[in-house]
Amino acid sequence: MKQHPQIHIQPREAPAGATLALVIGMPTSDVPRWPLPDATARLEPLPYTLLHAGLACAPGTSCIVSPLVAEHFDAMDLALQLHLADYRGTYLVVAPRVPRPEIIRRELRQICPGLDVEVITCAGH
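Everything in the sequence shown is counted per our numbering, starting at 2 for the first residue and increasing by one.
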C-alpha cells in the first residue's frame, strides 16, 4: 500500500508576526522573496495533492506560491482548487519570461475572482 506524505506545518521559530506561504510544486529555494506580500514569510513546501489539508491545518496562510506549470498540475488547476477551498489570500505564480503575463493573470483572476493573483516572470522557470 502506498503511503502518502504527511503534512508538516508545525510552528517553528520565525520572526515575530511572520506569515506563512505555502509553496506548491517547486523548491522553496526557487521562490523569489521580493514579490511576496511579506518578505519575512515562512515558506513551507506542500504537495499539490495535500493542498486542501494544508489550508485546513494552516487557515492563516497568507500566500500560495507555485510555478506556472508543474509536473502534475498547472496554475489553472491550482487556482480552481483555491477557489473551491474559498482561499482569499495571495496566489503568486512564478512563470518563465512570457510576452504578456497580464493575460495569464487575467485568466486566473476570472477563475478566482476573490483571489489576489500575481504573475512573476523569472528567467529559468
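Even for Gly, the Cβ is constructed at its ideal location relative to N, Cα and C.
What would DSSP say about residue i, mapped onto helix, strand or coil?
i    : result
C113 : coil
C64  : strand
P46  : strand
E108 : helix
E119 : strand
D78  : helix
Span of the alpha helix (DSSP H) holding residue i?
i   : result
A86 : Element bounds for A86: n/a, residue is neither H nor E.
A57 : L52 to C58
Terminal residues of the continuous beta strand (DSSP E) containing residue i?
i   : result
T91 : T91 to A96
V24 : L21 to I25
Can you tell me whether residue i is buried or exposed? The criterion is at least 16 other CB atoms within 10 Å of its CB, across all chains shown.
i   : result
A57 : exposed
G55 : buried
G26 : buried
T29 : exposed
Please name the residue, chosen from the options, that lies closest to residue i on a Cα-to-Cα basis.
i    : options               : result
G90  : L116, H73 and R106    : L116
T122 : P36, L21, L23 and P46 : P36
Any contact between the stretch 29-42 and the stretch 77-86? By contact I mean 3 or more CB pairs, one from each, below 8 angstroms.
no
The stretch 96-104 contacting the stretch 51-67, beta-carbon criterion three pairs below 8 angstroms
no
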